[in-house]
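A.B. asks:
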Amino acid sequence: MRQTRHAHHHQRMTDRSVGIVGVGNMGLAMALRLRDLGREVHVRDIDPAREALAVAAGARMAATPAALAARCAVVIVVVVDAAQSEAVLFGSDGVAAARAAGSCVMLCATIAPASTEAIAARLAAAGIDAIDAPMSGGPGRARAGTMSLMVACADAVFERHRGVIEALADPVFRLGTKAGDGARAKLVNNLLAAINLAGAAEALALAERIGLDGSAMLDVIERSSGQSWIGGDRLRRALAGDLAPRAHTTLLAKDSRLALEMARAAGVEPVLGAPAAAVFAAAVERGYGALDDGALLEFFRAGERGNG
Numbered sequence: 047m048r049q050t051r052h053a054h055h056h057q058r059m060t061d062r063s064v065g066i067v068g069v070g071n072m073g074l075a076m077a078l079r080l081r082d083l084g085r086e087v088h089v090r091d092i093d094p095a096r097e098a099l100a101v102a103a104g105a106r107m108a109a110t111p112a113a114l115a116a117r118c119a120v121v122i123v124v125v126v127d128a129a130q131s132e133a134v135l136f137g138s139d140g141v142a143a144a145r146a147a148g149s150c151v152m153l154c155a156t157i158a159p160a161s162t163e164a165i166a167a168r169l170a171a172a173g174i175d176a177i178d179a180p181m182s183g184g185p186g187r188a189r190a191g192t193m194s195l196m197v198a199c200a201d202a203v204f205e206r207h208r209g210v211i212e213a214l215a216d217p218v219f220r221l222g223t224k225a226g227d228g229a230r231a232k233l234v235n236n237l238l239a240a241i242n243l244a245g246a247a248e249a250l251a252l253a254e255r256i257g258l259d260g261s262a263m264l265d266v267i268e269r270s271s272g273q274s275w276i277g278g279d280r281l282r283r284a285l286a287g288d289l290a291p292r293a294h295t296t297l298l299a300k301d302s303r304l305a306l307e308m309a310r311a312a313g314v315e316p317v318l319g320a321p322a323a324a325v326f327a328a329a330v331e332r333g334y335g336a337l338d339d340g341a342l343l344e345f346f347r348a349g350e351r352g353n354g
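In the working numbering, the protein residues as written are 47 to 354.
Below you can see the structure in the form of structure tokens.
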């Protein structure tokens, strides 16, 4: 018992300062959530406008990821992909350059499991713990602390940083101790999200084509067997003409491609996943990439085809 209490005391001291590298839609929402809970939040982003938003909300700016890591026991990396993750961790002014042995990096970007494993190994060599923790749920849920985190890391590391993890997410899915399993779970989920959203957008465009009112049809779907969370969430906004990006179309395009690569490496060719990924790739190619992924409705309305 005494040991647990000591661990919790240690966690409170060290976790009060949390660093976030990448304050886009998700990173900023996480920063605000931690600030609300009384944590001292330090941020770094390559976009000065994003840093300014975070600072205006009470965060402190760090000039480099290394400077941020020197101040914070936990550094949460909320960038877009593996290349960006590696740059902020291992670049000349990266987190590892701070030589803050005993610190911890939380990897929240959706990246290939092999990338997560390689990054975790490099961090371990520098004496830095890694938490494989992809996130799901979008900025609204991140802001409320109700997004989900898929977490794989050593048990001792999880216990030490449980305070920050549980502040950010509810539910927290504990997927064991093997780095990469968080990434695997996230890619399986996002491949299904891509299939669901592509299917919902195609169905709604079809409903409109045969003379049904899109909004009335979505009402039916949401209370019937065709319902999907992502379909309802995205297409309600798309029907209202609101395509301001909460999740850019480029993200599911990237995630579904990574999921296919993972599946193929395991000897599986996803019968539904492959065309769904192709739809997202085509939508990005035709200029929908920077819009909310609900823009898939517009893509299908325009009679586009994923195999075209």
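No residue lacks a Cβ here, since even glycine has one placed at the ideal position from N, Cα and C.
(1) Can you give me the start and stop residues for the alpha helix (DSSP H) that A202 sits inside?
(2) At which residue ranges does the stretch 124–167 contain complete alpha helix (DSSP H) runs of 4 or more residues, listed in the order of the chain?
(3) Starting from the C-beta of A229, find all residues in its chain whose C-beta is less than 7 Å away, skip the five residues before and the five after it, and write them out in chain order.
(4) For F219, which residues does DSSP report across the bridge?
(5) Do you know offhand how far G335's Cα is from A324's?
(6) Please tell me whether V64 and V87 are closer than 8 Å, where the distance is taken between their beta carbons.
(7) What number of angstroms, rounded off, separates the C-alpha of V101 from the C-alpha of G148?
(8) Looking at the unbroken beta strand (DSSP E) that takes in G73, where does it start and where does it end?
(9) So, with DSSP's three-state summary, where would you put V87?
(10) May I have the straight-line CA-CA distance separating D358 from V126, to the nearest angstrom?
(11) Measuring CB to CB, does I211 end up less than 8 Å from L243?
(12) Does DSSP put V317 in a helix, in a strand, or in coil?
(13) Once you ignore the five residues that flank V203 on each side, which residues in its own chain have a CB closer than 7 Å to its CB?
(14) Please confirm whether A247 and F346 have their CB atoms less than 8 Å apart.
(15) Considering Cα atoms alone, identify which of G84, A249, G184 and C118 is closest to G272.
(16) Where DSSP assigns a beta bridge to D338, which residues make up the other side?
C.D. replies: Taking the geometry as given:
(1) Counting from 1 along the sequence shown, the entry for residue 202 is found at position 156. Its alpha helix (DSSP H) spans residues D201 to R206.
(2) 128–136
(3) To locate residue 229, count along the sequence shown from 1; it is residue 183. Taken in chain order, the residues that qualify are I157, A158, P159, T162, D178 and P180.
(4) Taking the first residue of the sequence shown as position 1, residue 219 is located at position 173. Answer by DSSP bridge pairing, in chain order: M196.
(5) The residue given as residue 335 occupies position 289 in the sequence shown. The residue given as residue 324 occupies position 278 in the sequence shown. Roughly 13 Å between the two C-alpha positions.
(6) Start at 1 with the first residue of the sequence shown, and residue 64 comes out as number 18. Start at 1 with the first residue of the sequence shown, and residue 87 comes out as number 41. Cβ atoms of V64 and V87: closer than 8 Å.
(7) For this step, residue 101 is matched to residue 55 along the sequence shown. For this step, residue 148 is matched to residue 102 along the sequence shown. The straight-line gap from Cα to Cα measures roughly 27 Å.
(8) Translated into positions along the sequence shown, residue 73 becomes position 27. No beta strand (DSSP E) contains G73, which is instead part of the alpha helix (DSSP H) from N71 to D82.
(9) The residue labelled residue 87 in the question sits at position 41 within the sequence shown. Looking at V87 - three-state DSSP - the assignment turns out to be strand.
(10) Lying outside 47 to 354, the shown extent of the chain, residue 358 is not represented and no answer is given.
(11) Position 165 of the sequence shown, counted from the first residue, corresponds to residue 211. Position 197 of the sequence shown, counted from the first residue, corresponds to residue 243. Against a cut-off of 8 Å, the Cβ pair of L243 and I211 comes out as no contact.
(12) What you label residue 317 is simply residue 271 of the sequence shown in a count that begins at 1. In the structure shown, V317 sits in coil (DSSP, three-state: anything other than H, G, I, E or B).
(13) For the purposes of this step, residue 203 is taken as the residue at position 157 of the sequence shown. Same-chain partners within the cutoff: C150, D175 and I177.
(14) Indexing the sequence shown from 1 puts residue 247 at position 201. Indexing the sequence shown from 1 puts residue 346 at position 300. Yes.
(15) As a working note, residue 272 is residue 226 in the sequence shown. Cα-wise, what sits closest to G272 is A249.
(16) For the purposes of this step, residue 338 is taken as the residue at position 292 of the sequence shown. D338 pairs with H294.
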